[in-house]
Amino acid sequence: MARSSPTRTRLERSPVDIGWCECVDLPELGLDRIRAKIDTGAATSSIHATRVKPLMIDGQLIVEFWFRAHRGEPARKYRAPGVEQRHIKSSNGAIELRYVIETTMILGSVRWKGHMTLANRTTMTFPILIGRRALRRGFRVDCARKWVLGQPEATDR
Numbered sequence: 340m341a342r343s344s345p346t347r348t349r350l351e352r353s354p355v356d357i358g359w360c361e362c363v364d365l366p367e368l369g370l371d372r373i374r375a376k377i378d379t380g381a382a383t384s385s386i387h388a389t390r391v392k393p394l395m396i397d398g399q400l401i402v403e404f405w406f407r408a409h410r411g412e413p414a415r416k417y418r419a420p421g422v423e424q425r426h427i428k429s430s431n432g433a434i435e436l437r438y439v440i441e442t443t444m445i446l447g448s449v450r451w452k453g454h455m456t457l458a459n460r461t462t463m464t465f466p467i468l469i470g471r472r473a474l475r476r477g478f479r480v481d482c483a484r485k486w487v488l489g490q491p492e493a494t495d496r
């Protein structure tokens, strides 16, 4: 009787090719196809958030925040499990104390539970930034390409 081969780990699989910008899903927040910048220079992923408010619910830190998923849509309130507060060096070099949430992320065929900092990204083009810690799950970034995994909705480019 032939033995079945063991399940291959993510590291044994070929990396998923992505461009410098892609759409990411955050199913626990009910968010699909959100435009994200892929940033190998940033350690941690980040999501645009305003009106950030920590809450203790049944002894668990929950962080409430407002987020606008797509251009032209109003901001909505979201809640996610909080992990901690962390000092993060922002794109302008300033050190900021940010809340960190944990949520499931999906990029192409890869799904993982990861951390995202909550940051006001109003001045940034992309509401989500995917950093190195997420990318080490098996992605290869081609900085000359974008939307390798599919174009965003026409109304959100």
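Just so you know, we're using the numbering used here here: the sequence shown kicks off at 340 and counts up by one.
For every residue, glycine included, the Cβ atom is placed at its ideal position computed from N, Cα and C.
This one's a predicted model, so the numbers in the text were calculated from it and none came from an experiment.
Find the nearest neighbour of Gly421 within the set Val391, Gly432, Val363, judged by alpha-carbon distance.
Taking the first residue of the sequence shown as 1, we reach residue 421 at position 82. Answer by Cα proximity: Val391.
Inter-residue Cα distance where the pair is Met463 and Arg352:
Here residue 463 corresponds to residue number 124 of the sequence shown, with the count starting at 1. Here residue 352 corresponds to residue number 13 of the sequence shown, with the count starting at 1. Looking at the two C-alpha atoms, the distance is approximately 33 Å.
Continuous alpha helix (DSSP H) assignments of at least 4 residues falling wholly in the stretch 350-408:
none
Note down the Cα distance separating Cys362 from Ala433, rounded to an integer number of angstroms.
Counting from one through the sequence shown, the residue named residue 362 turns up at place 23. Counting from one through the sequence shown, the residue named residue 433 turns up at place 94. C-alpha separation (whole angstroms): 28 Å.
Which same chain residues end up closer than 8 Å to Cys360 when comparing Cβ atoms and leaving out the 5 residues on each side of it in sequence?
Reading the sequence shown from its first residue, position 21 is the one you call residue 360. Excluding residues within five positions, the ones whose Cβ falls inside 8 Å are Arg374, Ala375, Lys376, Ile377, Phe465, Lys485, Trp486.
Would you mind giving the Cβ-Cβ distance between Gly477 and Val355, rounded to the nearest angstrom? I have them listed as a contact below 8 Å.
Taking the sequence shown and counting its residues from 1, one reaches residue 477 at position 138. Taking the sequence shown and counting its residues from 1, one reaches residue 355 at position 16. Right, the Cβ-Cβ distance comes to about 6 Å (below 8 Å), so this counts as a contact.
Candidates Arg471, Arg407, Gly447: which alpha carbon is nearest Arg460's?
As a first step, residue 460 is located in the sequence shown; it is residue number 121 there, counting from the start. Of the candidates Arg471, Arg407, Gly447, the one whose C-alpha sits nearest the C-alpha of Arg460 is Arg407.
For the beta strand (DSSP E) containing Arg437, name the first residue and the last one.
If you number the sequence shown from 1, residue 437 lands on position 98. 434-446 is the extent of the beta strand (DSSP E) around Arg437.
Straight-line Cα distance separating Asp481 from Ile427:
For this step, residue 427 is matched to residue 88 along the sequence shown. For this step, residue 481 is matched to residue 142 along the sequence shown. Distance between the alpha carbons of Ile427 and Asp481: 26 Å.
Roughly how many angstroms lie between the CA atoms of Pro413 and Leu370, to the nearest whole one?
Start at 1 with the first residue of the sequence shown, and residue 413 comes out as number 74. Start at 1 with the first residue of the sequence shown, and residue 370 comes out as number 31. When rounded, the distance between both Cα atoms is 14 Å.
Whose C-alpha, out of Gly447, Ala483, Arg472, is nearest the C-alpha of Ser385?
Here residue 385 refers to the residue found at position 46 when the sequence shown is read from its first residue. Looking at the Cα atoms, Arg472 is the closest of the given residues.
Let me know the secondary structure DSSP gives Ala414 once reduced to three states.
Counting from 1 along the sequence shown, the entry for residue 414 is found at position 75. Coil.
Here's a check: name, in chain order, each residue in its chain whose Cβ is nearer than 7 Å to the Cβ of Thr379, leaving out the five neighbours to either side.
Looking up residue 379 in the sequence shown gives position 40. Closer than 7 Å at Cβ, skipping near neighbours: Arg471, Leu474, Val480.
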